[in-house]
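Protein chains in written order, with our numbering: chain X, 34 to 138; chain Z, 127 to 660. Each residue gets a CB set at the ideal place from its N, CA and C atoms; glycine is no exception. Being a predicted model, the structure only gives us computed values, none of them experimental.
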């Protein structure tokens with residue numbers, strides 16, 4: 034298993050850097066991921082999306098559909114890409130500390 | 127051009143790479159995709175990855191096989207490989223595929239007709255490593271040497287000796303996932319040698335005997351599907367909740383009452399989608415709901431595990447997992463009392479349920495299964511739905527999913543629909559005897575380490591070129607174009623490909639299914655159903 038240092042601690046991640054120890058996530062980890070993608074300040078809009086993704090995952094065991102994310106946050110797809118450089122799946126899910134979606138998705 | 131490879135090279139210098147991907151040597155693409163420097167590079171492995179993972183094939187890692195700790199561990203796997211190889215040759219252990227395997231292993235004239243039929247080999251710039259026969263001939267010689275009496279002596283005398291060591295085993299494992307199992311080579315072979323089948327049986331040996339299988343196909347694939355309902359992790363309640371949400375969304379946008387029925391006892395037919403469509407291409411399942419309701423069918427989905435997800439990754443690597451999933455699908459249909467199963471737009475679901483599972487679904491489980499193409503064709507031409515084909519007046523081309531078209535021979539129904547509903551429909555060259563999208567054989571869902579780069583640049587290259595050629599008369603992004611790919615795995619491969627090449631921005635190309643085009647042409651839809659990803 035690959036490892037990554039985030040906010041001063043070492044965590045298990047997958048080969049694409051997605052967090053594998055979901056329960057150990059905290060906001061500092063989200064900030065550390067964001068900094069790796071050159072986003073140095075997380076705005077309330079970032080947190081709205083990150084928290085929605087994380088809570089949806091914890092409740093349902095899967096990331097939400099993009100359509101749902103758009104509807105629930107009120108952010109357009111373009112806005113989501115402005116907030117998260119690599120988009121909702123590759124950035125926002127990663128920062129929220131949930132595993133990379135697999136299977137036919 | 128990559129250096130020429132001998133068959134015996136596979137067992138030599140196992141600490142270094144056997145071959146390399148030379149981006150400059152790959153099959154050229156038309157502009158604006160002809161400038162290598164404008165495209166993202168193939169990501170090199172990190173030092174940490176090389177340290178931890180076996181990476182001795184081609185600089186690409188799909189499987190993340192941990193490097194063995196010591197010689198004893200290597201030896202254990204070599205012995206298991208021999209034991210698995212013998213099981214593949216026995217009637218008791220391989221009743222499913224023994225006959226075609228033996229016929230394919232029997233003899234190869236080495237004429238290389240298969241190589242010229244293979245999109246991976248051609249797109250790679252004719253790298254010997256990706257010849258369909260390279261992998262097969264090595265395996266054939268190992269079978270002759272280790273699986274037959276007197277084989278070792280014979281191999282020595284005939285000079286066919288391939289040593290079975292850690293290099294051979296580890297490279298063969300990774301190499302088994304550089305093939306789409308599309309079987310175009312088998313259809314070109316003058317002797318009907320099926321290299322796709324041989325590759326799939328090598329994967330099976332690794333899975334069933336050594337316990338080695340790609341994370342995405344096994345642990346997060348069939349195992350997860352049998353446990354929670356879907357390899358996507360979509361549980362029954364969440365699947366229903368998501369479709370309920372989509373029903374509402376699309377009722378609003380289409381002006382129709384969109385309502386997806388679930389678990390309806392006594393329905394005539396059970397429709398089984400790929401659950402990934404609900405998440406990633408929600409227009410697809412919603413289109414089926416709209417079409418089936420408009421046609422007045424008595425139909426249902428199932429929320430039983432895994433009755434709402436028709437994927438069956440066992441097809442790609444493991445007979446036992448394949449049988450478990452297929453059996454559950456048939457049992458669920460029986461319990462509902464439906465007259466037939468209709469398969470959604472998913473190619474390998476067709477292969478699983480229509481062909482392979484024929485040997486598993488016997489007796490009461492032998493429930494009729496209908497393919498998606500004839501199902502949709504009958505509805506479209508029934509006169510029960512009114513269409514206005516001018517609503518689809520944009521360039522459309524059709525991708526043939528291998529498992530439905532070339533391997534089942536279902537070629538024309540989908541074309542009759544497109545010729546009727548899409549005024550600017552044009553074929554790719556060649557079609558029918560098509561090329562794979564590059565995601566076949568499970569590759570579409572595999573994305574470990576840097577594998578996505580390979581499946582996009584190499585495996586998908588031929589198909590990407592075909593798409594660009596089909597739209598060569600209207601190349602610019604100002605003309606919106608639609609690639610109709612009636613298979614979820616193909617759509618996922620196309621999505622990765624379009625993203626890497628920037629094809630939406632540069633060429634205005636989007637990808638979707640067949641059902642969406644049918645709905646988009648319906649007179650009763652109040653606004654365009656296809657929204658071009660906006």
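Span separating the alpha-carbon of residue i from that of residue j
{"i": "residue 114 of chain X", "j": "residue 67 of chain X", "result": "13 angstroms"}
{"i": "residue 153 of chain Z", "j": "residue 246 of chain Z", "result": "10 angstroms"}
{"i": "residue 129 of chain Z", "j": "residue 282 of chain Z", "result": "26 angstroms"}
{"i": "residue 191 of chain Z", "j": "residue 322 of chain Z", "result": "22 angstroms"}
{"i": "residue 391 of chain Z", "j": "residue 428 of chain Z", "result": "10 angstroms"}
{"i": "residue 325 of chain Z", "j": "residue 397 of chain Z", "result": "31 angstroms"}
{"i": "residue 563 of chain Z", "j": "residue 532 of chain Z", "result": "13 angstroms"}
{"i": "residue 34 of chain X", "j": "residue 317 of chain Z", "result": "45 angstroms"}
{"i": "residue 242 of chain Z", "j": "residue 568 of chain Z", "result": "23 angstroms"}
{"i": "residue 579 of chain Z", "j": "residue 460 of chain Z", "result": "42 angstroms"}
{"i": "residue 432 of chain Z", "j": "residue 136 of chain X", "result": "14 angstroms"}
{"i": "residue 142 of chain Z", "j": "residue 169 of chain Z", "result": "18 angstroms"}
{"i": "residue 165 of chain Z", "j": "residue 155 of chain Z", "result": "12 angstroms"}
{"i": "residue 435 of chain Z", "j": "residue 134 of chain Z", "result": "43 angstroms"}
{"i": "residue 463 of chain Z", "j": "residue 138 of chain X", "result": "30 angstroms"}
{"i": "residue 349 of chain Z", "j": "residue 338 of chain Z", "result": "14 angstroms"}
{"i": "residue 139 of chain Z", "j": "residue 182 of chain Z", "result": "9 angstroms"}
{"i": "residue 229 of chain Z", "j": "residue 260 of chain Z", "result": "17 angstroms"}
Own chain partners of residue i with C-beta closer than 7 angstroms, once the 5 adjacent residues on each side are dropped
{"i": "residue 106 of chain X", "result": "81, 82 and 85"}
{"i": "residue 384 of chain Z", "result": "373, 376, 377, 412, 415 and 416"}
{"i": "residue 347 of chain Z", "result": "357 and 439"}
{"i": "residue 552 of chain Z", "result": "521, 523 and 596"}
{"i": "residue 124 of chain X", "result": "70, 117 and 118"}
Assigned secondary structure, residue i (DSSP; H/G/I helix, E/B strand, else coil)
{"i": "residue 212 of chain Z", "result": "helix"}
{"i": "residue 161 of chain Z", "result": "coil"}
{"i": "residue 386 of chain Z", "result": "coil"}
{"i": "residue 575 of chain Z", "result": "coil"}
{"i": "residue 437 of chain Z", "result": "coil"}
{"i": "residue 546 of chain Z", "result": "helix"}
{"i": "residue 89 of chain X", "result": "helix"}
{"i": "residue 42 of chain X", "result": "strand"}
{"i": "residue 357 of chain Z", "result": "coil"}
{"i": "residue 273 of chain Z", "result": "coil"}
{"i": "residue 371 of chain Z", "result": "helix"}
{"i": "residue 620 of chain Z", "result": "helix"}
{"i": "residue 265 of chain Z", "result": "helix"}
{"i": "residue 207 of chain Z", "result": "helix"}
{"i": "residue 507 of chain Z", "result": "coil"}
{"i": "residue 407 of chain Z", "result": "coil"}
{"i": "residue 223 of chain Z", "result": "coil"}
Cutoff 8 angstroms; reference residue i; Cβ partners in own chain excluding five residues on either side
{"i": "residue 502 of chain Z", "result": "417, 539, 540, 543, 640, 641 and 644"}
{"i": "residue 217 of chain Z", "result": "224"}
{"i": "residue 204 of chain Z", "result": "290, 291, 292 and 295"}
{"i": "residue 271 of chain Z", "result": "277, 278, 280, 281, 286, 287, 288 and 290"}
{"i": "residue 212 of chain Z", "result": "272 and 273"}
{"i": "residue 491 of chain Z", "result": "453, 456, 457 and 460"}
Beta-carbon proximity list for residue i, same chain, < 6 angstroms, skipping 5 on both sides
{"i": "residue 215 of chain Z", "result": "273"}
{"i": "residue 360 of chain Z", "result": "401"}
{"i": "residue 487 of chain Z", "result": "456"}
{"i": "residue 381 of chain Z", "result": "652"}
{"i": "residue 194 of chain Z", "result": "200"}
{"i": "residue 179 of chain Z", "result": "187 and 190"}
{"i": "residue 310 of chain Z", "result": "243"}
Those residues which DSSP pairs with residue i across a bridge
{"i": "residue 551 of chain Z", "result": "Z:522"}
{"i": "residue 601 of chain Z", "result": "Answer is none; residue 601 of chain Z lacks a bridge partner."}
{"i": "residue 425 of chain Z", "result": "Z:395"}
{"i": "residue 495 of chain Z", "result": "Z:467"}
{"i": "residue 401 of chain Z", "result": "In DSSP, residue 401 of chain Z forms no bridge with anything."}
{"i": "residue 638 of chain Z", "result": "Z:610"}
{"i": "residue 37 of chain X", "result": "X:44"}
{"i": "residue 648 of chain Z", "result": "Z:513"}
{"i": "residue 179 of chain Z", "result": "Z:192"}
Within-8 angstroms CB hit, residue i to chain B
{"i": "residue 174 of chain Z", "result": "Any reference to chain B falls outside this structure, whose protein chains are X and Z."}
Residue i: CB within 7 angstroms of a non-hydrogen atom of the ligand MG
{"i": "residue 170 of chain Z", "result": "This structure does not include the ligand MG; it has no bound ligands of any sort."}
Quiz item: Between the stretch 225 to 235 of chain Z and the stretch 299 to 310 of chain Z, are three or more C-beta pairs nearer than 8 angstroms?
Solution: no
Self-check item: At least 3 beta-carbon pairs within less than 8 angstroms: the stretch 567 to 581 of chain Z vs the stretch 341 to 356 of chain Z
Solution: yes
Quiz item: Are the stretch 349 to 367 of chain Z and the stretch 394 to 402 of chain Z touching, with three or more C-beta to C-beta distances below 8 angstroms?
Solution: yes
Exercise. Assess, as a yes-or-no matter, whether the stretch 510 to 521 of chain Z is touched by the stretch 464 to 481 of chain Z under the definition of 3 or more beta carbon pairs within less than 8 angstroms.
Key: no
Quiz item: Three or more C-beta pairs closer than 8 angstroms, one from the stretch 544 to 555 of chain Z and one from the stretch 516 to 533 of chain Z: is that the case here?
Solution: yes
Quiz item: Touch check for the stretch 472 to 482 of chain Z and the stretch 610 to 620 of chain Z: three-plus C-beta pairs under 8 angstroms?
Solution: yes
Exercise. Say whether the stretch 111 to 128 of chain X touches the stretch 329 to 337 of chain Z, bearing in mind that this needs 3 or more beta-carbon pairs closer than 8 angstroms, one atom from each stretch.
Key: no
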